[in-house]
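Novice: Per this note's numbering, residue 79 is the first one in the sequence shown, and the count goes up by one each step. Think of the CB as a built atom: it goes at the ideal place given N, C-alpha and C, for glycine as much as any other residue.
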Amino acid sequence: MAGKFITLEGGEGCGKSTQLKLLANYLRSKNIDVVLTKEPGSTEEGKTLRELLVTGDKDKFDAISECLLYYADRRLNLTKVVWPALKENKWVISDRYADSTEAYQYYGYDKRVDFQTLQSLYKIVADDFKPDLTVILDMEPEVGMRRSFAKAQTMEVKELRFESRQIEFHHNLRRGFLEIAKREPERCAVVDADTDIETLHKRIVEIVENRLGI
Ligand code: TMP
């Protein structure tokens, strides 16, 4: 079976990481070879970029620098993890990909970066490559933020650079993800993530089966 590239997207605390693991287990039970990855931080070099990007002062980067760092990490993820795995016919599931840049850096910041700039950066980094399927985990930002802050209590390094932004930022980025899904309905599916883990998992499996025909 040819490899597929699935991305999971959503705001803070929407449960992507848990769902990623459950989906991987499900696909493996169907004898599919699965590779898990994430952005930012899937490679050794990317880990350093991740630390820069998700910790510290929320205003430490100007908009373009922040985009460039995410795109540098993305290029590393593609060249070192995603593309080699797809070449070997493996399925790759990524915890976030380019829709996060559009949602956070474009919609979140109320369009302070030019949309064309983002598209040009995407083209440089990935050319025409796109995910086969993107599942967007949608929920009220207030709910996700509560979960995210609770999780951060257990972390040694507090990854709260984006959580420290005003709630308006999170409402903007939620609208952004929904906008992307409306623009690209063949690639994207939106699921209500404010439900229990098992129900959400079943819904995601249904989408993967229907869209990618397992
Ligand atoms: P995570 O906590 O879901 O792993 O994501 C790391 C943080 O980086 C999260 O706050 C979302 C943010 N992010 C962006 O702002 N732009 C991007 O392009 C990506 C991939 C993540």
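1. Hey, would you say the C-beta of Tyr117 is under 7 angstroms away from at least one heavy atom of the ligand TMP?
2. Return yes when at least one heavy atom of the ligand TMP lies under 7 angstroms from the C-beta of Ala206, else no.
3. When you compare only the Cα positions, how much space is there between Ala80 and Glu287?
4. Gly88 lies in the alpha helix (DSSP H); which residues open and close that run?
5. What three-state label does DSSP hand Lys158 in the structure shown?
6. Just to confirm, does Tyr104 get its C-beta within under 7 angstroms of one of the non-hydrogen atoms of the ligand TMP?
7. So what does Lys236 bridge to, in DSSP terms?
8. Residue range of the beta strand (DSSP E) that Ile110 falls in?
9. Go ahead and pull the three-state DSSP assignment for Cys266.
10. By DSSP, does Thr260 sit in helix, in strand, or in coil?
11. Thinking just about the alpha-carbon of each residue, which of Thr212, Ile214, Lys280 and Gln197 is nearest to the one in Asp206?
12. Between Leu211 and His279, what straight-line distance do the alpha-carbon atoms span, to the nearest angstrom?
13. According to the Cβ coordinates, are Glu117 and Arg152 closer than 8 angstroms?
Specialist: Let me spell this out:
1. What you label residue 117 is simply residue 39 of the sequence shown in a count that begins at 1. Correcting the residue type first, residue 117 is Glu in the shown sequence and not Tyr. Indeed, a heavy atom of the ligand TMP lies less than 7 angstroms from the Cβ.
2. The sequence position of residue 206 within the sequence shown is 128, counting from 1. The sequence shown places Asp at residue 206, rather than the Ala named in the question. No, the ligand TMP has no heavy atom inside 7 angstroms of this Cβ.
3. As a working note, residue 80 is residue 2 in the sequence shown. As a working note, residue 287 is residue 209 in the sequence shown. Cα to Cα, the separation comes out at about 15 angstroms.
4. The residue labelled residue 88 in the question sits at position 10 within the sequence shown. Gly88 -> not in any alpha helix (DSSP H); beta strand (DSSP E) instead, spanning Phe83 to Gly88.
5. Taking the sequence shown and counting its residues from 1, the one referred to as residue 158 is at position 80. In this structure, Lys158 counts as helix in the three-state DSSP scheme.
6. Mapped onto the sequence shown, residue 104 falls at position 26. No, since every heavy atom of the ligand TMP falls outside the 7 angstroms radius drawn around the Cβ of Tyr104.
7. Here residue 236 corresponds to residue number 158 of the sequence shown, with the count starting at 1. Beta-bridge pairing links Lys236 to no other residue.
8. Residue numbering aside, residue 110 sits at position 32 when the sequence shown is read from its first letter. Counting along the chain, Ile110 falls outside any beta strand (DSSP E), and DSSP gives it neither H nor E.
9. Here residue 266 refers to the residue found at position 188 when the sequence shown is read from its first residue. In this structure, Cys266 counts as strand in the three-state DSSP scheme.
10. One-based indexing of the sequence shown puts residue 260 at position 182. The sequence as given places Lys at residue 260; Thr does not occur at that position. Helix, per DSSP.
11. What you label residue 206 is simply residue 128 of the sequence shown in a count that begins at 1. Out of Thr212, Ile214, Lys280 and Gln197, Gln197 has the C-alpha closest to the C-alpha of Asp206.
12. Reading the sequence shown from its first residue, position 133 is the one you call residue 211. Reading the sequence shown from its first residue, position 201 is the one you call residue 279. Distance between the alpha carbons of Leu211 and His279: 16 angstroms.
13. Here residue 117 corresponds to residue number 39 of the sequence shown, with the count starting at 1. Here residue 152 corresponds to residue number 74 of the sequence shown, with the count starting at 1. Cβ atoms of Glu117 and Arg152: closer than 8 angstroms.
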